[in-house]
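Below: the structure, in structure tokens.
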Amino acid sequence: RRLAAVLLDGGEPFYRCAGGPWAYRLSAPAADHYFLIREGDAAEARFERLPYAYPSAEDVLTGDPVDLAAPIPVPKDSGRWIRAARP
105 RRLAAVLLDG GEPFYRCAGG PWAYRLSAPA ADHYFLIREG DAAEARFERL PYAYPSAEDV
165 LTGDPVDLAA PIPVPKDSGR WIRAARP
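Residues 105 to 191 (the numbering used here) are what the sequence shown spells out, left to right.
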């Protein structure tokens, strides 16, 4: 939150993720890609704000669907790559 406040001069970011893992977003024309990175114990990421109401999301590596409204588990010292299809 502090970094976003400094970089955005008090503005709000397009997305916000709480719960411990770092969240990084890459935008593409057909989908947004979210990288959830956890250094340390396993944790759950919870999106508090997203730029779109995505029609679907999936874990890119497993193909499993991901509910962006629910906590997303991130394993210890690992990460998740989530592809969210744009509306």
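Note that the Cβ used here is the ideal one computed from N, Cα and C, for glycine as well.
Pick from the options that is closest to residue i, judged by C-alpha positions
| i | options | result |
| --- | --- | --- |
| R129 | P175, A161, G183, F139 | F139 |
| A134 | A173, P179, Y158 | Y158 |
| P179 | E148, D113, Y119, D163 | E148 |
| T166 | R187, E152, L172, R153 | R187 |
Test item: CB-CB of residue i and residue j under 8 Å
| i | j | result |
| --- | --- | --- |
| R184 | Y156 | no |
| E143 | D181 | yes |
| G123 | R153 | no |
Beta-bridge partners of residue i, as assigned by DSSP
| i | result |
| --- | --- |
| V178 | A147 |
| Y158 | According to DSSP, which records beta bridges pairwise, Y158 is partnered with nothing at all. |
| D163 | I186 |
C-alpha gap between residue i and residue j, whole angstroms
| i | j | result |
| --- | --- | --- |
| P175 | C121 | 10 Å |
| A132 | V170 | 18 Å |
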